[in-house]
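S.K.: Note that the sequence shown covers residues 395 to 779 in the working numbering. Even glycine gets a Cβ: it sits at the ideal position worked out from N, Cα and C. First the structure, which I've put down as structure tokens, then a few questions once you've had a look.
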Amino acid sequence: MKALVYHGPKKVSVDTVPDARIEKQTDVVIKLTSTNICGSDLHMYEGRTQVNEGKILGHENLGEVVEVGGAVDTVKKGDKVCLPFNIGCGFCANCERGLSGFCLTCADPSVMPGMAGAAYGFAGMGPYSGGQAEYLRVPYADYNCLQLPPDADEKEQDYVMLSDIFPTGWHSTRLANLEPGQSIVIYGAGPVGLMAAMAARIQGAAQIFVVDGLKDRLALAKEIGATPINTLDGEIGEQIREQTGGYGADCGAECIGYQCHNAKGAEVPNLVLNSLVDAVKATGQIGVVGVFVPQDPDASDALAKKGQIAFDYGKFWFKGQKMGTGQCNVKAYNRRLRDLIHQGKANPSVIVSHNLSLADAPNAYKHFNDRDKGWTKVVLHPHAA
Ligand SMILES: [Zn+2]
Ligand SMILES: [Zn+2]
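Have a look at this one:
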């Protein structure tokens, strides 16, 4: 089969690789009809992770079941399913509590002591191949396959966002403990930040601020119902306090991660977290879903090389704030978010800018990585004619 393979920093190509197949009787194989390029793929693309050369990338996957293992009960050939980017077993102590992003059964403990969690095509998240390919092996299929309703084809571009960014954006608002009628400041108008804004709107936020330095992305945030805050228009905390009676936002979300940049384009790993502490009111809660890594050997900053951050802990403590972190437990949300889409209450596909074939993927990586204007979200269609 054809698949998008990582060969080193900024080197990816579409290669012929062995077909995905059933390895355990609890697996299914799906034929990918939509698979997205994610901002977190770019950390790997840039060579800023420990991902192995030869890895098939792609963790935002939707497709049709074509092969079913003998121990699978509920998933049938021909079903149209969306897969959470995390791979869970459904029966470990964490999956049982709804923490499917921290599965103990599927994790690779050699990454670091106490490691939990697994994902398709991702650095440090187990041996699983990604779905930017014609076919994908899905472990523990009964648990991981989200069945799609009869409008699956018509709304495929919405449903594919259930694999990661819509639940992840939603998760940031839950980690922030947003309540109806409150204000939230969301850092990053990339795909996840925009999904966080949509989630906040659906949950009844009174004010939604989205912070970014790119005008095309801020325009999308405005379309979704948020107030754009341009980093070039001055200090963020001041801008937010001015619009919230002087106190700051009730809560905040970090949707950027460790490769955040200042207005001059330099990477400053602690910029966003410290700005959040400043822009969120005293006692407010902060949800961090942007990716941070335990080591970043190529970072320019000595602390960041060891995965550390110069954090304004004193101010955080003085303000009595709380912080929630980590990858999204997609299974905790995707069923309900699917139903919001099905009933016309959510349309995450508004952020899609490009629909391309798998052969176009290397070029798309380049444009997306360069943050070229208009390249907000790429959906690949490996079986498109
Ligand atoms: Zn993703
Ligand atoms: Zn598990």
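Closer than 6 Å: is that where the CB of Cys722 sits relative to any heavy atom of ligand 1?
M.R.: Cys722: no, Cβ never under 6 Å from ligand 1.
S.K.: Label Lys410 either buried or exposed according to how many other C-beta atoms from any shown protein chain fall within 10 Å of its C-beta, with 16 as the threshold for buried.
M.R.: Note that residue 410 is Thr in the sequence shown, not Lys. That one is exposed.
S.K.: Give me the residue from Asp502, Leu398, Met506 with the minimum Cα distance to Ala513.
M.R.: The shortest C-alpha separation from Ala513 is found at Asp502.
S.K.: Using the three-state DSSP reduction, which class does Ala740 fall into: helix, strand or coil?
M.R.: If DSSP states are grouped into helix, strand and coil, Ala740 belongs with coil.
S.K.: Less than 6 Å between the CB of Asp552 and some heavy atom of ligand 1, yes or no?
M.R.: Incorrect: Asp552 has no Cβ contact closer than 6 Å to ligand 1.
S.K.: Is His761 helix, strand or coil when you go by DSSP?
M.R.: Helix.
S.K.: Please state whether DSSP places Asp465 in a helix, a strand or coil.
M.R.: Correcting the residue type first, residue 465 is Ala in the shown sequence and not Asp. Coil, per DSSP.
S.K.: Looking at the unbroken beta strand (DSSP E) that takes in Met438, where does it start and where does it end?
M.R.: No beta strand (DSSP E) contains Met438, which is instead part of the alpha helix (DSSP H) from 433-439.
S.K.: Which residue spans inside the stretch 584-624 form an unbroken beta strand (DSSP E) run of at least 3?
M.R.: Segments of the beta strand (DSSP E) lying fully in the stretch 584-624: 601-606, 621-624.
S.K.: Look up Lys716 in the DSSP assignment and say whether it is helix, strand or coil.
M.R.: Reduced to three states, the DSSP call for Lys716 is strand.
S.K.: If you draw a straight line from the C-alpha of Cys500 to the C-alpha of Val459, how long is it?
M.R.: Straight-line Cα distance between these residues: approximately 21 Å.
S.K.: State buried or exposed for Trp711, treating a residue as buried only when at least 16 other CB atoms are found within 10 Å of its CB.
M.R.: When all chains shown are included, Trp711 counts as exposed.
S.K.: Less than 7 Å separating the beta-carbons of Leu426 and Gly525?
M.R.: Yes. Within cutoff.
S.K.: Terminal residues of the continuous beta strand (DSSP E) containing Glu648?
M.R.: That run of the beta strand (DSSP E) goes 643-648.
S.K.: Within 6 Å: the Cβ of Cys483 and any heavy atom of ligand 2?
M.R.: Yes, the Cβ of Cys483 comes within 6 Å of a heavy atom of ligand 2.
S.K.: Is the CB-CB distance between Tyr534 and Cys483 below 7 Å?
M.R.: For Tyr534 and Cys483, yes; Cβs fall inside 7 Å.
S.K.: Who are His810's beta bridge partners in DSSP?
M.R.: The chain is shown only over 395 to 779; residue 810 falls outside these bounds and no answer can be derived.
S.K.: Excluding the 5 residues flanking Thr625 on each side, which residues of the same chain have their C-beta closer than 6 Å to its C-beta?
M.R.: Excluding positions up to five away in sequence, the list reads Gly607, Ala657.
S.K.: Am I right that Cys654 and Leu572 are in contact with their C-beta atoms under 8 Å? What's the rounded C-beta distance?
M.R.: With 8 Å as the limit, Cys654 and Leu572 do not qualify as a contact, their Cβ atoms being about 22 Å apart.
S.K.: Quick check: the Cα distance between Leu451 and Gly714, rounded to an integer number of angstroms?
M.R.: In a straight line, the C-alpha of Leu451 is about 40 Å away from that of Gly714.
S.K.: Which residues share a DSSP beta bridge with Ser577?
M.R.: Answer is Gln601, bridged to Ser577.
S.K.: If you reduce the DSSP assignment to three classes, tell me which class Gly678 lands in.
M.R.: Strand.
S.K.: CA-CA distance, Ser743 and Ala673?
M.R.: C-alpha separation (whole angstroms): 29 Å.
S.K.: Taking 6 Å as the cut-off, is the C-beta of Glu648 nearer than that to any heavy atom in ligand 1?
M.R.: No.
S.K.: Between which two residues does the alpha helix (DSSP H) holding Asp409 run?
M.R.: From DSSP, Asp409 is part of no alpha helix (DSSP H) but of the beta strand (DSSP E) over 405-410.
S.K.: State the Cα-Cα distance for the pair Glu617 and Val422, rounded to the nearest angstrom.
M.R.: Each residue's alpha carbon lies about 39 Å from the other.
S.K.: For Thr429, which of helix, strand or coil comes out of DSSP?
M.R.: Of the three classes helix, strand and coil, the one that applies to Thr429 here is strand, per DSSP.
S.K.: From Met509 to Lys700, what does the alpha carbon distance come to, in whole angstroms?
M.R.: Distance between the alpha carbons of Met509 and Lys700: 17 Å.
S.K.: Mapping the DSSP letters down to three states, classify Ala414 as helix, strand or coil.
M.R.: Coil.
S.K.: For Gln721, is the classification buried or exposed, using 16 other Cβ atoms within 10 angstroms of its Cβ as the cut-off for buried?
M.R.: So Gln721 counts as buried.
S.K.: Looking at the secondary structure, which residues open and close the alpha helix (DSSP H) in which Arg568 lies?
M.R.: Here the alpha helix (DSSP H) through Arg568 covers 559-569.
S.K.: For Gly738 and Asp754, I'd like the C-alpha separation in whole angstroms.
M.R.: Computed Cα separation, rounded: 31 Å.
S.K.: Name the one or two DSSP bridge partners that Ala513 has.
M.R.: Note: Ala513 sits in a beta bridge opposite Asn480.
S.K.: Kindly give me the distance between the Cβ atoms of Phe560 and Met589, rounded to whole angstroms, as I take these residues to be in contact under 8 Å.
M.R.: Confirmed, about 5 Å.
S.K.: Check Ile450 in the structure and name its three-state DSSP category.
M.R.: In this structure, Ile450 counts as strand in the three-state DSSP scheme.
S.K.: What do you reckon, is the C-beta of Glu440 under 6 Å from a heavy atom of ligand 1?
M.R.: No; taking the cut-off as 6 Å, the Cβ of Glu440 has no heavy atom of ligand 1 nearer than that.
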